[in-house]
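Position 95 (the sequence shown) corresponds to 435 in the numbering used here; numbering is contiguous. Glycine is no exception: its CB is placed at the ideal position from the N, C-alpha and C atoms. Note sheet for the following structure.
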Amino acid sequence: MLPQLEDADALAAKSRTIWEHPDREVFDVLRFKDGRVFERCVAPHRIGSTIVGLVASFRDISQSAHAQQALELHRILFEKAQEVAHVGSWVAELDGSDRLGWSAETHRIFGVLPGQFDGTAETFFSLVHDDDRAVVRAASLAAVEGRAAYDVEHRIVRRDGSERWVHERADVLRGDQGEPIRMVGAVQDITDRRHLEDQLRHSQKMEAVGRLAGGIAHDLNNALTAIAGYAELALGQVPDEHPVREDLDEIRRAAERASSVTRHMLEFSRKRVLEPRVFSLNEIVMAVARMLSRLLGSDIEVGTRLQPALPPILGDPGHVEQAIINLALNARDAMPNGGRLDLATRFDIVDETSARTHVPMTPGRYVVLSVTDTGHGMSREIQNRVFEPFFTTKDVGKGTGLGLSMVYGTLKQIGGFVFVDSEVGRGSEFSLYFPPVPAHALPAALAIAEGKRGGTETLLVVEDEAAVRTLVASALGKAGYRVLIASSAEEALKIADGHAADIDLLLTDAMMPGQSGIDLARALISRRPDLPVVLMSGYTEETLPLENVEERFSLLHKPFTPRELRQRIREVLDR
């Protein structure tokens with residue numbers, strides 16, 4: 341028989357032990373190579389008090405053993421599947437005993453070792469977040485009473501203090517009379533999903549706020565164009581010694597300050613014009629770092645760590661400089677007793693996995709600038725709002741809440757991203773991701789011609805805002821131009837019908853009620869293919885429907901001054 345056993349040597353050794361100690365009872369299992377399994381029981385045979393032999397009995401338990409093996413394999417596979425899916429299971433007895441059983445994965449999700457769990461429902465409820473506990477209790481009671489299904493998402497607090505989000509679903513098993521017997525459920529760790537959803541909602545909110553900010557800025561720009569323009573025109577007519585000149589100067593300066601606010605709003609909404617060129621991020625960082633040493637004060641140490649030979653990036657260097665300065669000033673306010681500010685650059689390749697954890701980032705190659713401080717840090721709630729325009733934690737009058745929103749807008753406008761990583765008491769790190777310029781791309785040269793400031797040509801001016809329309813007509817008329825005025829595209833077309841050959845340039849607001857200035861320009865170009873066009877707008881080409889238009893469409897951004905208006909008109913006419 342020995343050759344047929346799986347472990348013949350062990351059986352032989354055990355048999356010798358049995359013969360050496362015949363007074364002992366032995367119970368064991370014999371496993372055969374062909375899969376059969378037998379129980380063996382060996383006991384001493386006595387006559388009186390004398391052992392005269394051994395009695396052995398064998399019982400074939402192959403079927404039950406195989407079933408037990410299959411059950412054990414099923415249990416192992418089930419636990420492994422739960423571990424892979426991060427889904428645990430549990431069973432709650434509803435007989436008044438308060439007993440609760442967890443699977444291995446449920447223990448892992450809750451961060452409780454089997455030996456640390458007393459198997460009661462109250463211990464489970466103690467692990468539920470304080471703010472969610474009442475909701476979970478109510479959902480559980482409603483399920484037991486048959487009023488609703490148990491399907492709830494809530495937070496748990498692990499023994500180490502960390503918070504996790506879980507999704508639980510369960511069914512209640514009932515007896516013949518409908519009485520609840522036990523509750524069988526599943527729990528899934530959805531922390532990563534919730535974080536991604538929060539990031540997506542935050543991204544969508546930022547987009548919505550950006551659109552609102554852009555719309556507000558566009559409307560303000562019309563008013564600011566008129567205020568600053570009329571102030572400049574009036575200054576040109578008032579002698580230097582006149583007492584009203586100081587008041588006019590203050591009006592002009594106030595309009596300029598208001599214009600800076602709308603510029604920040606448009607930067608946040610990605611609707612402000614850029615002056616892009618190809619440049620080295622390292623050069624910008626080094627230049628700003630030298631200035632920061634003086635700007636931040638002697639109690640804040642500024643350090644740099646720059647990766648050499650980084651690819652160039654395309655953007656507005658002035659905006660990038662301002663973004664770094666804004667981050668540095670924000671860091672200074674977080675370090676009232678001094679500290680350290682580090683500027684570091686590197687090249688990074690973001691894969692799909694990393695991109696998914698930083699919605700709405702896209703995979704790809706990036707030149708990265710990290711701005712790190714040793715300040716007091718930020719809570720998660722503040723981090724979620726830190727890039728919103730006008731959001732500030734500073735006292736009234738000490739901050740506009742636009743500095744970090746401008747950083748956000750600058751990065752978004754050039755196809756980049758900005759993220760913050762911070763903890764209270766640990767400091768903050770802002771990471772700015774810039775898309776590099778492809779090796780085959782050539783830098784675009786931007787040239788702004790000064791030109792003359794006046795002329796005698798005939799200009800068709802179309803603007804629905806009366807204050808802006810009057811200002812533009814006055815500024816151009818005083819420069820010697822003949823100005824034809826219209827308040828709508830329909831009126832402009834009628835004027836053009838009577839002066840078709842006389843009009844040397846069309847100056848129109850890009851977006852007007854009814855027919856837009858862009859559609860008006862296309863209509864007039866169909867009659868006069870050589871007609872120059874200047875579009876006035878608070879937005880940029882990015883937000884205007886300028887597809888398939890010719891290069892002679894020049895964009896003049898509001899608010900502008902009469903000098904800037906005359907310069908642009910002369911520049912376009914002299915092309």
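Put simply, the segment 686–705 does not touch the segment 662–677. Fewer than three CB pairs are less than 8 Å apart. Ala444 has its alpha-carbon roughly 51 Å from the corresponding atom of Pro778. Boundaries cannot be given for Asp458, as no alpha helix (DSSP H) includes it and DSSP labels it neither H nor E. In this structure Ala474 is not in contact with Asp438, their Cβ atoms being roughly 19 Å apart against a cut-off of 8 Å. Residue environment analysis places Ala396 among the exposed positions, since fewer than 16 neighbouring C-beta atoms fall within 10 angstroms of its C-beta. Inter-segment contact for the segment 761–780 and the segment 705–724 is present: three or more beta-carbon pairs are separated by less than 8 Å. Closest option to Val912, judged by alpha-carbon separation, among Asp713, Leu871, Gly765 and Ala566: Leu871. Of the candidates Leu667, Asp837 and Pro651, Pro651 places its Cα closest to the Cα of Val618. Taking a C-beta distance under 7 Å as the contact criterion, Ser599 and Leu564 qualify as a contact pair. Per DSSP, Phe450 is one residue of the alpha helix (DSSP H) stretching across Ala444 to Phe450.
Between Ala594 and Leu811, the gap from beta carbon to beta carbon reaches 7 Å or more. CA-CA distance, Arg533 to Ala813, rounds to 58 Å. The continuous stretches of beta strand (DSSP E) do not include Gln344, and DSSP gives it neither H nor E.
When DSSP states are grouped into helix, strand and coil, His535 belongs to the helix group. Using a 10 angstroms sphere on the CB of Trp442, the tally of other CB atoms reaches 16 or more, which defines it as buried. Taking 7 Å as the cut-off, the beta carbon of Lys834 is found no closer than this to the beta carbon of Asn561. In the DSSP assignment, no residue is bridged to Tyr748. In this structure, Ile496 and His535 do not form a Cβ contact; the two beta carbons are roughly 15 Å apart against a cut-off of 8 Å. Secondary structure of Val726 (DSSP, three-state): coil. The closest CA to that of Arg386, considering only Ala629, Glu692 and Asp363, is found on Asp363. One thing to note: Gly459 has its Cβ within 7 Å of the Cβ of Leu440. Distance from the Cα of Gly678 is smallest, within the candidate group Val642, Val452 and Ala819, for Val642. In the three-state DSSP reduction, Phe619 falls in the strand class (E or B). Segment contact: the segment 630–649 against the segment 567–587, fewer than three CB-CB distances shorter than 8 Å; contact not assigned. Put simply, the backbone Cα of Pro776 is about 45 Å away from that of Ala832. If you draw a straight line from the Cα of Pro853 to the Cα of Arg630, it comes to about 50 Å. Contact between Ile825 and Val801 holds, with the beta-carbon distance rounding to 5 Å and staying under 8 Å. When Cβ pairs closer than 8 Å are counted between the two stretches, the segment 858–874 is seen not to touch the segment 750–763, the count staying below three.
Following the DSSP letters along the chain, one finds Glu581 in no alpha helix (DSSP H), marked with neither H nor E. In this structure, the beta-carbon distance from Leu434 to Ile521 falls below 7 Å. For Tyr773, the pairing in a beta bridge is given by DSSP as Val708 and Phe757. Pairing Val377 with Ser355 gives a Cβ-Cβ distance that is not under 7 Å.
For Ile865, the enclosing alpha helix (DSSP H) starts and ends at Gly857 to Arg867. Counting along the chain, the unbroken alpha helix (DSSP H) around Gly658 starts and ends at Pro657 to Ala674.
Excluding five sequence positions before and after Ala571, the CB atoms of its chain that fall closer than 6 Å to its own CB belong to Leu588, Ile591 and Arg592, given in chain order.
The beta-bridge partner set that DSSP reports for Pro520 consists of Arg514.
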